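See the structure below:
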């Protein structure tokens, strides 16, 4: 953990280093992933079968039947079933309100113009196996796709040694996933993108994964649609000295416990409060089952910044960081929120811990990381839809705007363009 | 040109081959582009200077002053100035109506939820030099960025041997572009993405370019936002036998004249009409200054399909092709349009040639190619904006939905997540 003060002589330099620090690596898998993609594209099922035997050590049928997912849901403890259902309902409701409106109008020149949105035909969701298999992540990917109107929703998830994660199957049932396949890694992403004899190809692939999965998606960008390249999780907490230090410590560690390369940053205007939070972090680290992972993250990437004035300084720093999650723990978070330009999701006020957004608030928890909130947004129904624009001219409307098109075709040296308008005038 | 009939015994097979045919190649520049990106990232201006001397053969100052753009606009023929201005006004008006609305509401559980859209800080537009420098393309990229609210809009355009294209400068002036730099190729894209001593980095890069530029953008996806990977242009014309064959021939060639790897496809239900269109294409090819390019495209990639029933067959074929441009030349295009699911932009009725959309209709002419309309949309203001979701809970609202979050954190094995909620309950 490093501690800075905005009044330090070297603050600008140290802060810039934090902003520029990349906690991502492609782990050198780029060439190997390219080979797997080419292999699956060419040999289909045979390639996927061999890679699954090698990496996941099983020769089971890939398809997990819907009945197994239904049974997994029925077998959940009632409390878990209710919590997942509440989360699904709230996520569905938030995303339904995101559905874009079509446009169809006639302008002053008599030209009919518009745009029509439609869902992609098929979407594939990658769900990691083992430790990182989170049912909440399946909900956050599957529900926007279903709300968008995707007819065929496919999950690919590895089952190392054939062992399934019943929570993932239960969540797939709850979300109405149409197909679940027990395959993983770059080979699963390739099978979804190119299709094989057994698995029909999809149009969009989303969902988290390890370095192989992330690199496979990156390489397939353009062959299919993908969600944003995702890096380690981040939280920036902007807290005044009246905040409860134990609450803030838990918030910081709720990101740190994801991964040793996660990042938690506190900006406060109260140096004594910063000290107390640091002590609370230490205390909580000792109690957490995830303490080892969280300690590495806090040690290597944790940052505490003491500012002289929160409202004057925190928004500018936050905009440079463009963090995935920003918490504002003050009595009136609005002035700081109004000055924030770049953030994935913002958590306003003392009773809004970030974790509430991971599970049950409703907005998506798939958010831009690694300073990408400068230009990227969280996952939404739009990631599973596309827009078709349309134009309709009467003879009179063509007469009004056609001559200008002929002039422009002419200066651009495209005579067939010009001719196609001229012959109709 | 190949001709098919939906009643041919081998139609399904031949049509599938057309759908799968990829007219794109990275021209083997992937490794060289990676080297250029790394070089510019490390050495900044020095690398850009050397590459510009090598490829563009000039050592001029990179910055083209605003006064030069203004002068280029003033020097336009009045007809060209009026046509560009009409186009800009119509494009601006269509895109202004695309601006997304923010959301801010409180739901039944008392939870305040919302989403706030904002523009990226800076956008870079690549504008090709030489033959492929189209002022209309600058308009189609710059205007959505300005409408979105981008404060700093930067153009990079190569000037081989130092020669500028005055039409590009004039269009830059008309659109209010803030900086114009005479650099090109992968080195220009790298300079925009990483920044150099002279050029500040941007957040989003859009615009067409050669294989080097396209590959540079692909490799920088995630470092910055980019528009969709673009391939050769395409048009699908669905026309009944009452259409004017000379009009349809001009429409087909208006895409063919872009590039030898462009693709023009006609679907009609009238074999005699198809013959006449083919003859008109031949006649027009002989007259066009771009005839050589257009002939190669028509020869290698042109397709004429005779269907037995347009309404019954054309939409399904069109959805497989997912073409960039789809023209429907019938008296009542609505039934076919209603059945179209995948298309970049649709041109309805006999008086709506595709070229009208390239210039003055208003919708964007940057559209998904290579079957990508299955999952991608044309350029819009959204490509220059991002959405920040937000959540605000009162103590009571946290009491209502917090326990479910604790349950889910528990089953996912993330105790700090659970703690951050529990301590507040």
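Residue numbers (UniProt numbering), protein chains in the order written: chain A, 1 to 425; chain B, 1 to 425.
Heads up, the beta-carbon is just placed ideally off N, CA and C, and yes, glycines get one too.
These figures come from a predicted structure and were not determined experimentally.
Residue nearest to residue i in terms of C-alpha spacing, selected from the options
i, options, result
"residue 142 of chain B", "B:169, B:413, B:105", "B:169"
"residue 109 of chain B", "A:150, A:184, A:424, A:360", "A:360"
"residue 377 of chain B", "A:270, A:98, A:120, A:161", "A:120"
"residue 69 of chain B", "B:130, B:180, B:1, B:37", "B:180"
"residue 6 of chain B", "B:420, B:72, B:28, B:305", "B:305"
"residue 215 of chain B", "B:35, B:20, B:417", "B:35"
"residue 297 of chain B", "B:107, B:235, B:307, B:401", "B:235"
"residue 331 of chain B", "B:264, B:197, B:243", "B:243"
"residue 365 of chain B", "B:11, B:164, B:135", "B:135"
"residue 319 of chain B", "B:284, B:371, B:294, B:358", "B:371"
"residue 4 of chain A", "A:84, A:317, A:164, A:250", "A:317"
"residue 140 of chain A", "A:182, A:89, A:347", "A:89"
"residue 117 of chain B", "A:283, A:280, A:346", "A:346"
"residue 294 of chain B", "B:308, B:324, B:269, B:260", "B:260"
"residue 309 of chain A", "A:45, A:203, A:271, A:30", "A:271"
"residue 427 of chain B", "B:380, B:202, B:325", "No answer is possible for residue 427 of chain B: the residues shown for chain B start at 1 and end at 425."
"residue 144 of chain B", "B:182, B:98, B:102", "B:98"
"residue 363 of chain A", "A:50, A:1, A:301, A:92", "A:92"
"residue 237 of chain A", "A:48, A:42, A:350", "A:350"
"residue 193 of chain B", "B:250, B:268, B:44, B:406", "B:44"
Residue i classed as buried or exposed, judged by whether at least 16 other C-beta atoms fall within 10 angstroms
i, result
"residue 217 of chain A", "buried"
"residue 105 of chain A", "exposed"
"residue 32 of chain A", "exposed"
"residue 253 of chain A", "buried"
"residue 28 of chain B", "exposed"
"residue 162 of chain B", "exposed"
"residue 257 of chain B", "buried"
"residue 286 of chain A", "exposed"
"residue 50 of chain A", "exposed"
"residue 282 of chain B", "exposed"
"residue 182 of chain A", "buried"
"residue 38 of chain B", "exposed"
Contact set between residue i and chain A, taken where Cβ atoms lie within less than 8 Å
i, result
"residue 387 of chain B", "377, 378, 380"
"residue 79 of chain B", "407"
"residue 94 of chain B", "113"
"residue 247 of chain B", "420, 423, 424"
"residue 218 of chain B", "221, 222"
Contact list for residue i against chain A, beta-carbon separation under 7 Å
i, result
"residue 417 of chain B", "254, 355, 358"
"residue 362 of chain B", "113"
Residue i: contacting residues in chain B (beta-carbon distance under 9 Å)
i, result
"residue 173 of chain A", "Result: empty, since nearest Cβ-Cβ is about 15 Å, beyond 9 Å."
Contact set between residue i and chain B, taken where Cβ atoms lie within less than 7 Å
i, result
"residue 118 of chain A", "341"
"residue 292 of chain A", "Within 7 Å Cβ-Cβ: nothing; residue 292 of chain A doesn't reach chain B, min ~12 Å."
"residue 394 of chain A", "351"
"residue 411 of chain A", "80, 167"
"residue 136 of chain A", "408, 412"
"residue 366 of chain A", "Neighbours of residue 366 of chain A on chain B: none; closest Cβ ~11 Å, over 7 Å."
"residue 103 of chain A", "97"
Chain A contact residues for residue i, given Cβ-Cβ distances below 9 Å
i, result
"residue 189 of chain B", "Going along chain A, no residue has its Cβ under 9 Å from residue 189 of chain B, so there is no contact; the nearest lies around 15 Å."
"residue 348 of chain B", "112, 390, 391, 392, 393"
"residue 426 of chain B", "Lying outside 1 to 425, the shown extent of chain B, residue 426 of chain B is not represented and no answer is given."
"residue 296 of chain B", "None at all; the shortest Cβ gap to chain A is about 14 Å."
"residue 257 of chain B", "414, 415, 416, 417"
Residue i: contacting residues in chain B (beta-carbon distance under 8 Å)
i, result
"residue 50 of chain A", "By Cβ distance, chain B contributes nothing, its closest Cβ being about 25 Å from residue 50 of chain A, past 8 Å."
"residue 224 of chain A", "375"
"residue 401 of chain A", "86, 90, 356, 360, 361"
"residue 344 of chain A", "388, 389"
Beta-bridge pairing of residue i - partner residues as DSSP gives them
i, result
"residue 325 of chain B", "B:235, B:345"
"residue 393 of chain A", "Paired residues: none, contrary to the question."
"residue 187 of chain A", "Note: residue 187 of chain A sits in no beta bridge, so no partner."
"residue 388 of chain B", "B:116"
"residue 181 of chain A", "A:63, A:156"
"residue 4 of chain A", "A:305"
Could you name each continuous alpha helix (DSSP H) segment of 4 residues or more that falls completely within the segment 76 to 160 of chain A, going from the start of the chain to the end? 78 to 96, 135 to 148
Where in the segment 194 to 227 of chain A do unbroken runs of the beta strand (DSSP E), each at least 3 residues long, occur, reported from the N-terminal end onward? 204 to 206
Entirely enclosed beta strand (DSSP E) segments - the segment 246 to 296 of chain A, minimum 3 residues: 263 to 268
Curious, which full-length alpha helix (DSSP H) runs of at least 4 residues does the segment 10 to 43 of chain A contain? 11 to 20, 30 to 43
Which runs of the alpha helix (DSSP H), 4 residues or longer, sit entirely within the segment 361 to 387 of chain A? none
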